[in-house]
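Residue numbers (the numbering used here): -4 to 116.
What follows is the structure in structure tokens.
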């Protein structure tokens, strides 16, 4: 499992990186704080097209960070957020981010806590 300092270093590197196309950070037990850090780095990134962030524990707060990232990121085309305890508030934030995003083609949200109300967004 990555430590907080390592999360910060990777996030900072993501903001400057121009060669990385795919990144899997699945099953790392990341919570909302680490997720916000990664999402911030991806806001500035213009190369990562595939991101698997499944089976962490990002919850609604982490989903909100991804929603904000989606408003700015123009290269990500695949995002997997399955198994992350995302509920209706989180999916609303992601849907809001998708309104401004024109690059994301695949979004996986399986095994979350999204109700029929959240799914309607």
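Even glycine gets a Cβ: it sits at the ideal position worked out from N, Cα and C.
Item                                                                                                                                                                   : Value
So, is residue 33 buried or exposed, given that buried needs 16 or more other C-beta atoms within 10 angstroms?                                                        : buried
Quick check: residue 75 and residue 100, are their CB atoms within less than 9 Å of each other?                                                                        : no
Can you give me the Cβ contacts of residue 84 inside the same chain, cut-off strictly under 6 Å, excluding the 5 residues immediately before and after it?             : 55
Whose C-beta lies closer than 7 Å to the C-beta of residue 23 among residues of the same chain, with five residues either side of it excluded?                         : -4, -3, 51
Per DSSP, residue 75 forms a beta bridge with which residues?                                                                                                          : 47, 103
Output needed for residue 92: all residues of its chain with C-beta closer than 6 Å, excluding positions within five of it in sequence on either side, in chain order. : 62, 65, 66
For residue 19, which residues does DSSP report across the bridge?                                                                                                     : 47
Tell me the rounded alpha-carbon separation between residue 69 and residue 96.                                                                                         : 7 Å
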